[in-house]
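First comes the structure, then the notes that go with it.
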């Protein structure tokens, strides 16, 4: 057995109400590591033969909660949520912070695999090797904070009844869904703690489709044994030391972005990306800090970076709303992207989105899209159930968000996500509205535009990504270049937080860390040319096989949203845009380097070299 | 764990009258001559939980695997939690000289401590979560 793993996975069959332990052999774990990589492999092995017909929101989808071997060791514990995505019909490895992965590994499991569909709402409670599927009818329908509070109370009661001499327990870690997940909204998230969420992929809807409200876990054992404990300790210290040196990062987290990604780099979505520049000083991080933050340092267990904050609105119309920072993505998508430039209103929106169990990025994207259609007169007040969706009208957007979470009226249409809603509205109105949909293959683009060229996102970053609009998994040239997707695959598989330690960690540190934990000898180079590519090829193949409602044509869909080819209308980079010819060339170059044919389909020889014969077989029908 | 988000370390407050030591039916608890901290003799501890009941803050912790009581022993006079807290720049934990403070004041039950912290963070909104 490879060190650093607990040694077994928990498989829960919700249809039968049964569970069992499963294991994977060392070679497989060595190749796919954990988290995102392992998720891709498990889904491929079990479902590739029926992938095209598989409804992500049907009982046959497999839902995965997978930590990685570094979870619990690398400061800032995260867990990867995956399955067939109801957004892209591919596989997205969506990681979320919190203690879930750490508790799970202390309970003796390297991951949870959920199959089938429960007949009525349930939640799963794991205490070490005691697993039970419990009735969740009392929690079903509750919003995020209520769900978390009720689950907390129930788990605490169970633990104190069962272990009367134990004293006080630290709260079990939970992953749960809000009303949006229950209603199978495609932009629903899997939540952790108060405000953390696995957003990209839409796995909240998958949990909802399985009638699974939550998974709570309490592990009392140690973390798995590691190969070189002394070295692991030194690596943890190195990450923390680096964090301590990034003073402003610890103080502000990504919250500085709401102003700086607009004013400095012109890459922030404003009014559905019609602009990417603003100079609203009232939206600066200092304003959030002094007016809203009630807790300056907040972190998940074991993280010395504490880049999260807790914000609460203390006065005015939205008094009482609580959320974290908000982080940059929430600041942008639930702020300027909706024409909102007031910190209090942004915190209120982020708090509401948490409570509804929606993804701030995807929901902010689809609401911005709807507001632009309203601005252009394509959607009328009547189409929007009487809501006058004017830019900056926080209450109007709040109403719309609730409708989306509950799939009420126009909310039912927008609950399908930007791309699917655009197809439907286009048909309804007889107009091409896809040009206003700022998304890539079903997934709204993260809040880092490409037009100014001043942000980290590259011009084929979203077009070629196997996680589509996901800003944490962009592509670069060469394939294993500085921002290549293979590094995102490693981060999401071994599972390291992107932000833990701040910036300036040595490039090899994560690989050294992995080796110290597992006792293996993996290098950056080896991963970039080998291991990392395997997961990428599987994700690409499953993305191209698509689903019953949508399939992707690389010639059309491996591209930027058309908005990115419109010149920036304002700011220091006014006039700049992505260039169609050069993007097309780069996409072709990326295909070649990734071992894909000119239509973007992974080549036989590429797959065979990577020992992915079954994937090759499944792709034959696409190679005509 | 009573209010999500309101986490805090819940550790021995070093009471001067040692109700836990007095409550132990097996004489498993003693007082360190060097640091005045409570020491647990694992061989004598039966995990009966009497010290948890006796503690005004319900602080002693039952080790989940060994079923023995764990009480802060001040790391033999050099508490490591204080060290990392200072290194990390939080400056929340600090060592003080014995005799400086009315220690019993800090031996609070988790419910009480959570309530104050939640109100500090969330004001009247905290009532919804308690």
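Residue numbers (the working numbering), protein chains in the order written: chain U, 5 to 628; chain S, 2 to 131.
Think of the CB as a built atom: it goes at the ideal place given N, C-alpha and C, for glycine as much as any other residue.
Proximal residues to residue i (C-beta, below 6 Å), its chain only, five neighbours per side dropped
i: residue 111 of chain U; result: 130, 132, 221 and 223
i: residue 358 of chain U; result: 148, 199 and 327
i: residue 127 of chain U; result: 138, 140, 217 and 218
i: residue 119 of chain U; result: 17 and 66
i: residue 25 of chain U; result: 12
i: residue 233 of chain U; result: none
Burial state of residue i (16 or more Cβ within 10 Å)
i: residue 134 of chain U; result: exposed
i: residue 102 of chain S; result: exposed
i: residue 609 of chain U; result: exposed
i: residue 596 of chain U; result: exposed
i: residue 529 of chain U; result: exposed
i: residue 22 of chain U; result: exposed
i: residue 106 of chain U; result: buried
i: residue 183 of chain U; result: buried
i: residue 77 of chain S; result: exposed
i: residue 51 of chain S; result: buried
i: residue 32 of chain S; result: exposed
i: residue 92 of chain S; result: exposed
i: residue 456 of chain U; result: buried
i: residue 9 of chain S; result: exposed
i: residue 620 of chain U; result: buried
i: residue 26 of chain S; result: exposed
Alpha-carbon to alpha-carbon, residue j and residue i
i: residue 117 of chain S; j: residue 545 of chain U; result: 54 Å
i: residue 74 of chain U; j: residue 499 of chain U; result: 6 Å
i: residue 80 of chain S; j: residue 96 of chain S; result: 8 Å
i: residue 145 of chain U; j: residue 231 of chain U; result: 45 Å
i: residue 83 of chain U; j: residue 479 of chain U; result: 22 Å
i: residue 488 of chain U; j: residue 538 of chain U; result: 14 Å
i: residue 159 of chain U; j: residue 143 of chain U; result: 13 Å
i: residue 238 of chain U; j: residue 152 of chain U; result: 35 Å
i: residue 100 of chain U; j: residue 39 of chain U; result: 11 Å
i: residue 280 of chain U; j: residue 264 of chain U; result: 11 Å
i: residue 332 of chain U; j: residue 261 of chain U; result: 5 Å
i: residue 208 of chain U; j: residue 562 of chain U; result: 26 Å
i: residue 196 of chain U; j: residue 628 of chain U; result: 44 Å
i: residue 548 of chain U; j: residue 604 of chain U; result: 9 Å
i: residue 215 of chain U; j: residue 165 of chain U; result: 27 Å
i: residue 449 of chain U; j: residue 442 of chain U; result: 6 Å
i: residue 41 of chain U; j: residue 48 of chain U; result: 11 Å
i: residue 622 of chain U; j: residue 95 of chain U; result: 16 Å
i: residue 102 of chain U; j: residue 76 of chain U; result: 10 Å
i: residue 494 of chain U; j: residue 390 of chain U; result: 47 Å
i: residue 89 of chain S; j: residue 303 of chain U; result: 13 Å
i: residue 22 of chain S; j: residue 174 of chain U; result: 24 Å
i: residue 155 of chain U; j: residue 6 of chain S; result: 14 Å
i: residue 243 of chain U; j: residue 305 of chain U; result: 14 Å
i: residue 176 of chain U; j: residue 108 of chain S; result: 24 Å
i: residue 536 of chain U; j: residue 490 of chain U; result: 5 Å
i: residue 19 of chain U; j: residue 121 of chain U; result: 5 Å
i: residue 123 of chain U; j: residue 228 of chain U; result: 35 Å
i: residue 284 of chain U; j: residue 439 of chain U; result: 28 Å
i: residue 516 of chain U; j: residue 577 of chain U; result: 40 Å
Same chain, Cβ closer than 8 Å to residue i, five either side skipped, listed in chain order
i: residue 5 of chain U; result: 11 and 30
i: residue 417 of chain U; result: 425, 428 and 429
i: residue 462 of chain U; result: 454, 478, 479, 480, 481 and 487
i: residue 69 of chain S; result: 41, 43, 46, 48 and 63
i: residue 225 of chain U; result: 110, 111, 112 and 132
Whole-number beta carbon distance between residue j and residue i, since they are thought to touch under 8 Å
i: residue 329 of chain U; j: residue 257 of chain U; result: 6 Å
i: residue 289 of chain U; j: residue 317 of chain U; result: About 16 Å separates the two Cβ atoms, so there is no contact after all.
i: residue 206 of chain U; j: residue 300 of chain U; result: With 8 Å as the limit, residue 206 of chain U and residue 300 of chain U do not qualify as a contact, their Cβ atoms being about 33 Å apart.
i: residue 573 of chain U; j: residue 309 of chain U; result: 37 Å between Cβ atoms; not a contact.
i: residue 502 of chain U; j: residue 476 of chain U; result: 6 Å
i: residue 344 of chain U; j: residue 203 of chain U; result: Not confirmed; about 19 Å, so no contact.
Neighbourhood of residue i by C-beta distance below 7 Å, restricted to the same chain and skipping five residues each side
i: residue 550 of chain U; result: 56, 93 and 556
i: residue 13 of chain S; result: 39, 60, 72 and 73
i: residue 28 of chain S; result: 45
i: residue 392 of chain U; result: 385 and 400
Just to confirm the assignment: which complete beta strand (DSSP E) runs, minimum length 3, are found wholly within the region 254-317 of chain U?
297-302 and 312-316
Taking the runs of the alpha helix (DSSP H) that are 4 residues or longer, which of them lie wholly in the region 151-221 of chain U?
183-186 and 207-213
Quick one: which unbroken alpha helix (DSSP H) runs of 4-plus residues sit fully inside the region 451-483 of chain U? Chain order, please.
none
For the region 8-76 of chain U, list the beta strand (DSSP E) runs that are entirely contained and at least 3 residues long, ordered along the chain.
13-17, 22-26 and 67-70
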